[in-house]
Amino acid sequence: MGWQTLDDMELSGRTALVRVDVNVPVEDGRVTDATRIERIVPTVRDLMDKGALPVLIAHFGRPKGKVVPEMSLSVTVPALEAALGVPVRLVTFEEAPEAVGAQKPGEVLLLENIRFQPGEEKNDPVLAAQLAALGDVYVNDAFSAAHRAHASTEALAHLLPACAGRLMEAELKALEAALSAPERPLCAVVGGAKVSTKIDLLKNLVARVDHLVIGGGMANTFLAAQGLEIGTSLAERDMGETAREIMARAEETGCRVHLPVDVVVAERFEAGAPSQTVAAEACPADRMILDAGPETVERLKELFGTCRTLIWNGPLGAFEIAPFDAATVAAARAAAEATGADALVSVAGGGDTVSALHHAGVADDFSYVSTAGGAFLEWMEGKELPGVAALHR
Ligand code: ADP
Ligand code: MG
């Protein structure tokens, strides 16, 4: 582990600077999905129960170091108060020293959008020192911002006693169980649109997993790289060499790569477009591959049955339009079932992957679903996340 949790910290009477991710979607001045806000509640509650005074530090949008009133965190205050059940006071950077001095137990302070400060995205030591002067301890609960070395995620962690918040702790434990010390066999499913956005991820995984399942548009690129006809499919025809390199690397490391054996093809990616299932080597020249076929799904289910750990990023097909969601939904349900039977530890992440799991109705049935986006992908790439590294003591 190497990092501390709230249980290791001296908190009573201390001001705790808590880096959170409340970068929630907003429409017409209202929060439309408060999931990120709800997920920080255990940390803030725990801090208050232990007698600490929480001061939340967060970003919102991309104001690029300038005060942009439309990107004020004020829009999150009602949702934060509802989730936390205590008053939340928004303070500007300039007001913060006085407000922190006057903070009473049971109150939460929220520092205005930290990206209004030009030093934030530059990981500026001066800004970090100004922040550090506001508190006694630093708690990072924003795994989803941990892939960025910013003043409030990286530099600040070195200046105060620092620990992971509950959400960060849960995320790190789940990810460590899945990739650092997994029970084997370990299977990774990588799908989605493009190989080019996931080259580093594929290269890292072939060196670490026992089985690599390739699906989605990315599988088309791999099929084409093996000389198969893929018709009008979405694919990166210039990535053939990369695909072959990844296959060769897998051969060396003993990682078994699973490509679709049958595919669902259609003339167009449209609702109601007539579709057929064909063998992977039999895609007609005027059709596009939009999903993996039922035989591929059967083999995947069998594979899940033999594995102990599963990491999943990227849908197996163009799941937004039925029936091209079939393989993703069936495979997700099989993984969820194996997880429920305690046969499998399943960890999934990625924006579209999380939507696909919700669509399949199994988002709560995986061992862990990461909503961290970019940070999750960088972790799958095997990169050290600066915000996590800075917590190591
Ligand atoms: P994530 O956000 O989980 O990392 P990606 O963004 O890489 O996933 O990929 C998701 C997208 O890939 C979805 O929009 C899906 O429609 C698309 N996709 C998957 N398979 C295909 C396919 N065969 N043809 C076209 N698009 C596909
Ligand atoms: Mg995506």
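The numbering of the sequence shown is the working numbering, which starts it at 2 and goes up by one.
Note that beta-carbon positions come from the ideal geometry of N, C-alpha and C, so glycine has one too.
Would you tell me roughly how many angstroms separate the C-alpha atoms of residue i and residue j, rounded to the nearest one?
| i | j | result |
| --- | --- | --- |
| Thr189 | Met381 | Going by the sequence as given, residue 189 is Ala instead of Thr. Each residue's alpha carbon lies about 10 Å from the other. |
| Glu271 | Pro324 | 10 Å |
| Ser368 | Met219 | 25 Å |
| Leu304 | Thr243 | 26 Å |
| Glu113 | Thr222 | 45 Å |
| Ser181 | Val207 | 14 Å |
| Lys209 | Asp29 | The sequence given here has Arg at residue 209, not Lys. So the two alpha carbons sit approximately 45 Å from each other. |
| Leu203 | Ser347 | 18 Å |
| Thr278 | Glu253 | 33 Å |
| Leu161 | Asp137 | 7 Å |
| Phe117 | Gly352 | 26 Å |
| Ala390 | Pro64 | 26 Å |
| Leu168 | Thr16 | 19 Å |
Among all the DSSP beta bridges, which residues are the ones paired with residue i?
| i | result |
| --- | --- |
| Thr6 | Ala165 |
| Thr16 | Leu54 |
| Leu203 | In DSSP, Leu203 forms no bridge with anything. |
| Ile290 | Val266 |
| Gln277 | Val266 |
| Ile312 | Ala189, Val348 |
| Ile215 | Val191 |
| Asn141 | Arg20, Ala165 |
| Gly109 | Residue 109 is actually Val in this sequence, not Gly. DSSP, once it has assigned bridges, lists Val89 as partnering Val109. |
| His259 | Val214 |
| Val370 | Ala349 |
Looking only at C-alpha atoms, which of the options sits nearest to residue i?
| i | options | result |
| --- | --- | --- |
| Asp47 | Arg63, Pro106, Asp29 | Pro106 |
| Leu54 | Phe94, Glu39, Asp9, Val101 | Val101 |
| Leu18 | Leu260, Ala175, Thr154 | Thr154 |
| Ala373 | Glu113, Gly350, Ala391, Pro387 | Gly350 |
| Leu370 | Arg40, Gln5, Leu160 | Note that residue 370 is Val in the sequence shown, not Leu. Nearest option by C-alpha distance: Arg40. |
| Leu74 | Ala83, Gly62, Gly66 | Gly62 |
| Pro183 | Ala143, Glu246, Leu311 | Leu311 |
| Ser356 | Val56, Arg15, Ala319, His259 | Ala319 |
| Arg269 | Ile200, Met289, Gln131 | Met289 |
| Val56 | Phe94, Lys67, Lys302 | Phe94 |
| Thr329 | Pro70, Gly375, Ala364, Ala103 | Ala364 |
| Val265 | Ala327, Ala332, Gly166 | Ala327 |
| Arg334 | Met72, Lys384, His360, Glu99 | His360 |
| Val21 | Ser145, Leu135, Val69 | Ser145 |
Leaving aside the five residues before and after residue i along the sequence, list all residues of the same chain whose C-beta is less than 7 Å from its C-beta, in chain order.
| i | result |
| --- | --- |
| Ala225 | Ile231, Ala236, Arg238, Gly241 |
| Asp366 | Ala337, Thr340, Gly341 |
| Glu379 | His148, Leu386 |
| Met248 | Val258 |
To which residues of the same chain is residue i closer than 8 Å at the C-beta, ignoring the five residues directly before and after it?
| i | result |
| --- | --- |
| Val25 | Val32, Thr33, Asp34, Ala35, Thr36, Arg37, Ile38, Thr77, Ala80 |
| Leu1 | Residue 1 lies beyond the residue range present for the chain, which begins at 2 and ends at 394; the question has no answer from this structure. |
| Cys164 | Trp4, Gln5, Thr6, Leu7, Asp9, Met10, Val138, Tyr139, Val140, Asn141, Leu392 |
| Val196 | Leu203, Met219, Thr222, Phe223, Glu237, Met240, Thr243, Ala244 |
Leaving aside the five residues before and after residue i along the sequence, list all residues of the same chain whose C-beta is less than 6 Å from its C-beta, in chain order.
| i | result |
| --- | --- |
| Pro261 | Ala220, Ala281, Ala293, Thr297 |
| Gly216 | Gly192, Ala293, Leu317 |
| Glu122 | His151 |
| Gly413 | Since the first and last residues shown for the chain are 2 and 394, residue 413 lies out of range. |
| Trp313 | Val190, Ala349 |
- Query: At which residue ranges does the stretch 20-87 contain complete beta strand (DSSP E) runs of 3 or more residues, listed in the order of the chain?
  - Reply: 54-58
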